[in-house]
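Quick note: the sequence shown uses our numbering, first residue -3, plus one each step. Below: one structure, written as structure tokens.
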Amino acid sequence: MAVKTHSWISIWFAVTLPIIFMDAAYCLLRPRSMRGGDLHWLFKPYGYYQDVDYVYGVRAYENGDGFPNAQCEFFFPSLWQPSSTHLVEPTTLAAALNVVENLMNIAYLYLAHVSGSPLAPLVGFASAMATLWKTALYWLQEYYCGFCAVGHNDLKTLFFSYVCSGGPWIVLPILIIRRLGQDIAAVLRASHEAAQKDASGKQQ
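Next comes the structure, spelled out in structure tokens:
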């Protein structure tokens, strides 16, 4: 049985791959990747965003806290000097999901379009779930700290530069989870019905 694929899902996974790699590269190359650094020309959008979300800005870098620092320290501890006030538990989890998410994106594309493995829907489902909860964790962290990193923005900037840029990472994964969940459920139902039919045939 051929693996059922959906073009829009494959496009999402393919498009998000370089975005996630870019984000990781920005973190790893700070402060050279930040505004004023010699590599900033590769990361120009972050020059604006580091003023929108302080987690990506100078303050987080100097304090050794925030999502980017946790991401880099968790996977590349030799590159960072920990701060005495560095609380990384929730953000380290988000960072771990970030890396796992990208690996699963690659795995889905390979399984769905190269090897034609029936595991593709399950891997895609898991990847979308990781993306959803990673983003939810990031936003919840911001909420519970009293909007400490984005509360300085006016409503227009907050909506277009923060909510709209992060929103697709909530909405699209939900739609992918629903679609692939339906595909997986359909296969399980068909398998169950075939097993029941086979069992009834043997009893006769």
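Don't be surprised by glycine CBs; every beta carbon is placed ideally from N, CA and C.
Check, Outcome
"Using only the alpha-carbon positions, how far apart do Y192 and I180 sit?", "Here the sequence assigns Gln to residue 192, which means Tyr is not the residue at that position. Between Q192 and I180, the C-alpha separation is close to 18 Å."
"Give me the residue from V183, S6, Y158, E189 with the minimum Cα distance to Y42.", "Y158"
"Is V11 near S113, with beta carbons less than 8 Å apart?", "no"
"Extract the residue ranges of the alpha helix (DSSP H) inside the stretch 90 to 151, only unbroken runs of 4 or more that lie entirely within it.", "116 to 140"
"Judging by CA-CA distance, which residue of D34, I7, M30 is the nearest neighbour of Y57?", "M30"
"Quick one: Cα of V96 to Cα of S196, how far?", "43 Å"
"So the alpha helix (DSSP H) D34 belongs to, where does it begin and stop?", "That residue, D34, is in no alpha helix (DSSP H); it is neither H nor E in DSSP."
"What is the DSSP secondary structure of T153, counted as helix, strand or coil?", "helix"
"Please look up how many angstroms separate the CB atoms of I173 and M100, rounded, as I've assumed it's under 8 Å.", "Actually they are not in contact, since the Cβ atoms of I173 and M100 sit about 13 Å apart, beyond 8 Å."
"For S3, is the classification buried or exposed, using 16 other Cβ atoms within 10 angstroms of its Cβ as the cut-off for buried?", "exposed"
"State buried or exposed for I5, treating a residue as buried only when at least 16 other CB atoms are found within 10 Å of its CB.", "buried"
"Suppose the cutoff is 8 Å on Cβ atoms and the five residues either side in sequence are ignored; what does the same chain contact list for R185 look like?", "none"
"Taking only the alpha-carbon atoms, compute the straight-line gap between Y150 and S123 and give it to the nearest angstrom.", "The sequence given here places Asp at residue 150; Tyr does not occur at that position. Distance between the alpha carbons of D150 and S123: 33 Å."
"Could you pull the start and end residues of the alpha helix (DSSP H) that R55 belongs to?", "54 to 59"
"CB T131 to CB G177, shorter than 8 Å?", "no"
"Exposed or buried, A190, counting other C-beta atoms within 10 Å across all chains shown (16 or more means buried)?", "exposed"
"Since V119 and Y139 are thought to touch, with beta carbons under 8 Å apart, how far apart are those beta carbons, to the nearest angstrom?", "With 8 Å as the limit, V119 and Y139 do not qualify as a contact, their Cβ atoms being about 30 Å apart."
"In terms of alpha-carbon separation, which member of V48, Y22, G53 lies closest to W37?", "Y22"
"By how many angstroms is the C-alpha of A116 removed from the C-alpha of H188?", "20 Å"
"When DSSP labels each residue in this structure, what does P41 get in the three-state scheme?", "helix"
"Does the Cβ-Cβ distance between V146 and V48 come in under 8 Å?", "yes"
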